[in-house]
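Chains as they are written, first to last, in this note's numbering: chain W, 1 to 308; chain B, 309 to 410.
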């Protein structure tokens, strides 16, 4: 056992403790706060595992935007009473943890353990990197070799926003605008240009390093949400063509590419090698726009954003 | 004593000081009585603790480039901690005042 293992073990224990507390917190508010903390720890775990792409996405979406979403939902719900302690639920979770941890321990202790830290996907991906049009392996997998998955992820977001629009008419009144303080306004003015800069950098950087559409989109969405909350950004009316266009842009470009590559080239989403880099950059750019607008609407969208 | 060990001692001392501040802040968060005291404990000690930690890491990194990055990160973290502390305190204050009025 080496010293380097110590922070990892601390993280593992912390992850389990926070997950447990989030699941079995006595009040809803505590559970939400703990869930956000859980997201941050998961981001740290990804970073320790050498997956900064996932760490960025988890921190921005899992902890940040989901946290805002939960807190906003909590404001509309009645205050929950403290939950009664039910030992049976704890017992089930405890059994699961014991079984899972002992299974993991057995798989490590047994002779000739599968080396989980080795990059097993490295070899085929590395061999195909020259055809992918980008130099970062994660981006190559997400937007070229397994572009289908990313396309479906965008579709999921599109379904989510459609579902939200269906649900909205039930609600009688929208939230009253939050009182804005001068401090919040000037802090937003400082932070949003920085978010724009970092978001653009992550998008551009995605082809050669950690970054990409989801991370950049989440950062841009965070900026939009701040602007929207402070009232500096007018409502994003759904009736406006620009909003609807941005929401669909990423998916539409993906779809067009898929149809074109199928009818003209080798197959669905099988990019021609010469244009792969340009295509990926275009898809990433429009996907970033779509993700940013959809996440903004999901988190900060009100009646006047979504139903007018 | 070589310059290398000197740098090590300096950076580790700074980082240990930073961790001490964090521990103090956590203690204050757990033990102080009301909202404002807890906020006071956490914001001050976190800013100082992160400062010491960042300084220690910058010295340990041994490159000006990395040190500049760490300094920029520290600036943003410090500013956002200060703003967040203020906003939380103001929100709480307004809530209490509106409760008193009604």
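Glycine included, every Cβ here is placed at the ideal spot set by N, Cα and C.
A quick note: this is a predicted structure, and the numbers were derived from the prediction, not measured.
Pair within 8 Å by beta-carbon distance, residue i and residue j
i                      : j                      : result
residue 315 of chain B : residue 183 of chain W : no
residue 289 of chain W : residue 250 of chain W : yes
residue 378 of chain B : residue 389 of chain B : no
residue 292 of chain W : residue 221 of chain W : yes
residue 212 of chain W : residue 284 of chain W : yes
residue 270 of chain W : residue 261 of chain W : yes
residue 71 of chain W  : residue 32 of chain W  : yes
residue 216 of chain W : residue 57 of chain W  : no
residue 22 of chain W  : residue 35 of chain W  : yes
residue 69 of chain W  : residue 161 of chain W : no
residue 195 of chain W : residue 223 of chain W : yes
residue 165 of chain W : residue 307 of chain W : yes
residue 150 of chain W : residue 143 of chain W : yes
residue 343 of chain B : residue 407 of chain B : no
residue 313 of chain W : residue 286 of chain W : Residue 313 of chain W lies beyond the residue range present for chain W, which begins at 1 and ends at 308; the question has no answer from this structure.
residue 132 of chain W : residue 140 of chain W : yes
Start and end residues, alpha helix (DSSP H) containing residue i
i                      : result
residue 262 of chain W : 241-264
residue 144 of chain W : Unbroken run through residue 144 of chain W: none, as it is neither H nor E.
residue 332 of chain B : 311-339
residue 20 of chain W  : 5-23
residue 307 of chain W : No alpha helix (DSSP H) holds residue 307 of chain W; DSSP gives it neither H nor E.
residue 267 of chain W : Careful: residue 267 of chain W lies outside any alpha helix (DSSP H) and carries neither H nor E.
residue 131 of chain W : Premise fails: residue 131 of chain W is in no alpha helix (DSSP H) and is neither H nor E.
residue 237 of chain W : Neither: residue 237 of chain W is in no alpha helix (DSSP H) and is coded neither H nor E.
residue 370 of chain B : Residue 370 of chain B -> no alpha helix (DSSP H), and no H or E assigned at all.
residue 2 of chain W   : Where residue 2 of chain W is concerned, there is no enclosing alpha helix (DSSP H), given that its DSSP letter is neither H nor E.
residue 297 of chain W : 276-300
residue 60 of chain W  : Unbroken run through residue 60 of chain W: none, as it is neither H nor E.
residue 71 of chain W  : 66-76
residue 231 of chain W : Residue 231 of chain W -> no alpha helix (DSSP H), and no H or E assigned at all.
residue 30 of chain W  : 28-48
For this session: Residues of the stretch 314-347 of chain B with a CB closer than 7 Å to any CB of chain W: list them in chain order, please.
Result: Contact residues of the stretch 314-347 of chain B toward chain W are absent (C-beta to C-beta distance below 7 Å).
Problem set entry | the stretch 373-384 of chain B contacting the stretch 337-353 of chain B, beta-carbon criterion three pairs below 8 Å | The stretch 373-384 of chain B, when compared against the stretch 337-353 of chain B, does not touch it at the 8 Å Cβ threshold.
Exercise. Which residue spans inside the stretch 152-213 of chain W form an unbroken alpha helix (DSSP H) run of at least 4?
Worked result: Taking only runs of at least 4 residues, the alpha helix (DSSP H) segments lying wholly in the stretch 152-213 of chain W are 182-205.
Problem set entry | At least three beta-carbon pairs within less than 8 Å, the stretch 31-49 of chain W to the stretch 194-207 of chain W | With contact defined as three or more Cβ pairs closer than 8 Å, the stretch 31-49 of chain W and the stretch 194-207 of chain W are not in contact.
Exercise. Name the residues in the stretch 182-201 of chain W whose C-beta lies less than 7 Å from a C-beta of chain B; which are they?
Worked result: Answer in chain order: 183, 184, 187.
For this session: Would you check if the stretch 323-335 of chain B and the stretch 359-376 of chain B touch, i.e. whether three or more CB-CB distances between them fall below 8 Å?
Result: Verdict: yes, contact present.
For this session: Taking a Cβ distance cut-off of 7 Å, strictly less, list which residues of the stretch 373-399 of chain B are near chain W, in chain order.
Result: Residues passing the 7 Å Cβ filter: 391, 394, 395, 398.
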